[in-house]
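The structure appears right after this line, and notes come after that.
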Amino acid sequence: MSDRHSWPSTAHMGMRQIRHQLNMFVRVPIAVFFTVALPIVVMLIFNAVFADGDIVTNAGPWPVREFYSAAIAAFTAVSATFTNLANMVPIRREEGVLQRWRVTPIPLGVLVVGYVGSAMVIACVCTSIVVVIGWLAYGLTLSVAGAVSAALTMMVATVSFAAMGMALAALVPTASTASAAANAIILPLAMVSNVFIPVEQPPKWLDVSANVLPLKPFITAFQSAFHPTTTSVSFDVRALLTIAAWGALATVVAVTRFRWNVPPGGATRRRR
Amino acid sequence: MSASTIELRNLVVDYSTASGTTRAVDALSLSIATGEVYALLGENGAGKTSTIEVLEGHRARTAGDVVVLGVDPANRGSAGRQMRDRIGVVLQTSGLEREVTVRESVALFSSVYRNPRSLEEVLALVGLTDVVDQRVGTLSGGQRRRLDLGLAVVGRPEVLFLDEPTTGFDPSARHQAWELITSLRSDGTTVLLTTHYLDEAEHLADRVGVLSHGRLLLEGRPSDLVRASAATDIVVRTGDARTIDSAAIDSLHERLEGVAATMDQQGSELRVSSVETSRALEVLTQWSNEFNVALDDWSIERPTLEQVFLKVTESAERHVDE
């Protein structure tokens, strides 16, 4: 038998896995469409329909087109992390991909880094694209202070929403269920979180619920980084803590409930 | 536990189903020596895949002791990682991403082993050099299975688990896979394979084990099982069968019963099945002399491993039904 050398470096394996997942992402057209193209189309349509007028926010009135640009940019990050992972990981589980990796010497954490890290990269790139379109086409305000605030908010949110995606992937029995569950969670949540509709003067219960759940705090914190009145680096600590708390809870669920293979009895097969 | 490369003691695997608990593996014990090729045979649901999945470390067991290369395969720590560096696995479901090329798949998997084979070596071993830049999704079923096999040997495994490795192969690809397994064995690789192809087990395996309802019904060298477990057929022709007296036939039946043999007459052909071939031959010769029946075209037909397998599993099914 041959001699065994030293282990390949964990960082090298992690980078390779991230690069591999990014390759996979760009080769699945439907994933690219839902994560990159659809938010841009939604932003274009919303701004065409609701172009004029102001939204009254805590920081004062704000043009609707800027409001939507920032909201859709943040939602793109959620789509790239939560929705993408909740869909993709169960598909890979059903295809036996996770099981195949599990019988190799790769540390399982490196595999998770590949999925989560690539989702975060996709989120950052896609969100940046939407922000730039918002800046070029709809006058979204860009400032250094705003960019720093947005970057930190993005970091907390992408890690947390990626954890939530992995948690959902851990809980759903099949890939078909994953797709339905992810949409059933995120779309109603988006409706009450200022993504598609500016919710002005909501009923108390709806306002409390939306602020306790993770999406609205993220959308609001991210939007505020682009508000024209933002002149210094500032963070909505309460919003970040709410998002991070959901991320921590999701991590516990993902770690304790994750399955690497399909249980006996099988599962349905589908693509996204 | 002995120093065997693979050791199972009283393995039990239960699955929870909607209707209760199903026992997939029932007190199974196996010991596979270094460099041995062992084939697990059994019908669908016999427990082959559950057993091999426990050995690969990704199926939880209900009870029993399992050791592969001196390590419990359920170990996810440092010892388990070292063990996984020294094994190769072909799963029943291929687990390949359709969007990547053959080159990318091999490169990615080789990046996690301590001493991987080169891309060229893997491609040559499994005969995929011509499709190295094709995406997995465009490969035929047989080519995908060959890539599976290639990824299983990329880390230079000392132990290879092959769960139905040649399913979907054409005859030429199957023989190429057999050659690969034979050459790995000659390098000292221990192989545990499950297969539905009995000729594959007969060709490759040093020993086979027949599973039914999670239990080991039979174990041994293929040739020994054939010799020990099934009757040999003696086939002769009698010329014009109508000339044989019915009393003579009755007498032959009676004599063969005395040596635990049975006879089937099809026209001029007599087929005598017996586990004691020499005694049956003696009876047949004496009988032909006494009744003056000319016997021509003598032949002895040994059963195949497939016939042994069918006999053993059918008997087990009857036992379960009763």
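Going line by line, the protein sequences match chains A and B.
If you read the first sequence in the numbering used here, its first letter stands for residue -5, the second for the next number, and so on.
If you read the second sequence in the numbering used here, its first letter stands for residue 99, the second for the next number, and so on.
Glycine residues also receive a C-beta, built at the ideal position from the N, C-alpha and C atoms.
Test: residue i CB closer than 8 Å to a CB of chain C
| i | result |
| --- | --- |
| residue 136(B) | Structure shown: chain C not included; protein chains present are A and B. |
Residue i classed as buried or exposed, judged by whether at least 16 other C-beta atoms fall within 10 angstroms
| i | result |
| --- | --- |
| residue 311(B) | buried |
| residue 3(A) | exposed |
| residue 267(A) | No statement about residue 267(A) is possible, as the shown extent of chain A runs from -5 to 266 and does not include it. |
| residue 48(B) | Here chain B covers residues 99 to 420 and nothing more, so residue 48(B) does not appear. |
| residue 99(B) | Below a pLDDT of 50, predicted positions are generally treated as unreliable, and residue 99(B), at 40, falls in that range; the measurement from the model is reported next regardless. Looking at its Cβ environment, which holds fewer than 16 other Cβ atoms inside 10 Å, residue 99(B) is exposed. |
| residue 6(A) | exposed |
| residue 243(B) | buried |
| residue 267(B) | buried |
| residue 188(A) | buried |
| residue 204(B) | buried |
| residue 148(B) | buried |
| residue 221(A) | buried |
| residue 149(A) | exposed |
| residue 238(B) | exposed |
| residue 250(A) | exposed |
Euclidean distance between Cα positions of residue i and residue j
| i | j | result |
| --- | --- | --- |
| residue 262(A) | residue 377(B) | In this prediction, residue 262(A) scores a pLDDT of 38, lower than 50, which makes its location untrustworthy; no coordinate-derived value is stated. |
| residue 370(B) | residue 391(B) | 16 Å |
| residue 156(B) | residue 93(A) | 7 Å |
| residue 384(B) | residue 402(B) | 29 Å |
| residue 287(B) | residue 95(A) | 21 Å |
| residue 397(B) | residue 308(B) | 29 Å |
| residue 171(B) | residue 216(A) | 47 Å |
| residue 333(B) | residue 386(B) | 14 Å |
| residue 255(A) | residue 89(A) | 9 Å |
| residue 115(B) | residue 42(A) | 54 Å |
| residue 127(B) | residue 137(B) | 14 Å |
| residue 365(B) | residue 270(B) | 40 Å |
| residue 186(A) | residue 202(A) | 11 Å |
| residue 259(B) | residue 165(A) | 30 Å |
| residue 164(B) | residue 123(B) | 13 Å |
| residue 103(B) | residue 150(B) | 14 Å |
| residue 266(A) | residue 28(A) | Summary for residue 266(A): the model assigns pLDDT 38, below 50, so the residue's position carries little reliability, and this model does not support an answer. |
| residue 216(B) | residue 137(A) | 50 Å |
| residue 241(B) | residue 232(B) | 11 Å |
| residue 301(B) | residue 323(B) | 14 Å |
| residue 264(A) | residue 194(A) | With a pLDDT of 39 at residue 264(A), under the threshold of 50, the modelled position of that residue is not reliable, and no figure is offered here. |
| residue 272(A) | residue 167(A) | Past the edges of chain A, shown from -5 to 266, lies residue 272(A), and the structure says nothing about it. |
| residue 85(A) | residue 22(A) | 13 Å |
For residue i, the nearest candidate out of the options (CA to CA)
| i | options | result |
| --- | --- | --- |
| residue 112(B) | 132(B), 104(B), 145(B) | 145(B) |
| residue 168(B) | 118(B), 106(B), 351(B), 348(B) | 106(B) |
| residue 218(A) | 57(A), 246(A), 86(A), -1(A) | 57(A) |
| residue 319(B) | 304(B), 313(B), 291(B) | 304(B) |
| residue 122(A) | 91(A), 188(A), 23(A), 66(A) | 66(A) |
| residue 367(B) | 335(B), 347(B), 388(B) | 335(B) |
| residue 47(A) | 37(A), 36(A), 61(A), 38(A) | 61(A) |
| residue 223(A) | 34(A), 135(A), 73(A), 21(A) | 135(A) |
| residue 142(A) | 180(A), 226(A), 152(A) | 226(A) |
| residue 274(A) | 246(A), 156(A), 72(A) | Because chain A is modelled from -5 through 266, residue 274(A) falls outside the range shown and cannot be assessed. |
| residue 317(B) | 125(B), 139(B), 134(B), 117(B) | 139(B) |
| residue 1(A) | 162(A), 33(A), 98(A) | 98(A) |
| residue 209(B) | 37(A), 100(A), 177(A) | 100(A) |
| residue 231(A) | 243(A), 214(A), 246(A), 120(A) | 214(A) |
| residue 33(A) | 250(A), 144(A), 120(A), 21(A) | 120(A) |
| residue 120(B) | 159(B), 214(B), 293(B), 130(B) | 159(B) |
Chain-ordered chain B contacts of residue i [CB-CB under 9 Å]
| i | result |
| --- | --- |
| residue 90(A) | 189, 190, 191, 192, 193, 194 |
| residue 94(A) | 187, 189, 191, 192, 193, 194, 207, 246, 249 |
| residue 7(A) | 209, 210 |
| residue 14(A) | 195, 198, 202, 206 |
Chain-ordered chain B contacts of residue i [CB-CB under 7 Å]
| i | result |
| --- | --- |
| residue 100(A) | 210 |
| residue 255(A) | 156 |
| residue 10(A) | 206, 209 |
Beta-carbon neighbours of residue i, restricted to chain A and to distances below 9 Å
| i | result |
| --- | --- |
| residue 183(B) | -2, 1, 98, 99 |
| residue 105(B) | Neighbours of residue 105(B) on chain A: none; closest Cβ ~19 Å, over 9 Å. |
| residue 179(B) | 1, 99, 100, 101 |
Closer than 7 Å at the beta carbon, the chain A residues around residue i
| i | result |
| --- | --- |
| residue 197(B) | 18, 21, 22 |
On the three-pair Cβ rule with 8 Å, is the stretch 80 to 94 of chain A touching the stretch 167 to 186 of chain A?
-> yes
Cβ pair count under 8 Å reaching 3, the stretch 90 to 109 of chain A against the stretch 127 to 138 of chain A | no
At least three beta-carbon pairs within less than 8 Å, the stretch 197 to 208 of chain A to the stretch 235 to 246 of chain A = yes
Does the stretch 248 to 263 of chain B touch the stretch 185 to 193 of chain B, meaning 3 or more C-beta pairs lie closer than 8 Å?
-> yes
So does the stretch 192 to 203 of chain A actually touch the stretch 110 to 117 of chain A, counting three or more Cβ pairs closer than 8 Å?
-> no
Examine the Cβ distances between the stretch 347 to 362 of chain B and the stretch 406 to 413 of chain B and report whether three or more of them are shorter than 8 Å.
-> no
Taking three-plus beta-carbon pairs below 8 Å as touching, is the stretch 197 to 214 of chain B in contact with the stretch 247 to 255 of chain B?
-> yes
For the stretch 271 to 280 of chain B and the stretch 221 to 240 of chain B, state whether three or more C-beta atom pairs, one from each stretch, are separated by less than 8 Å.
-> yes
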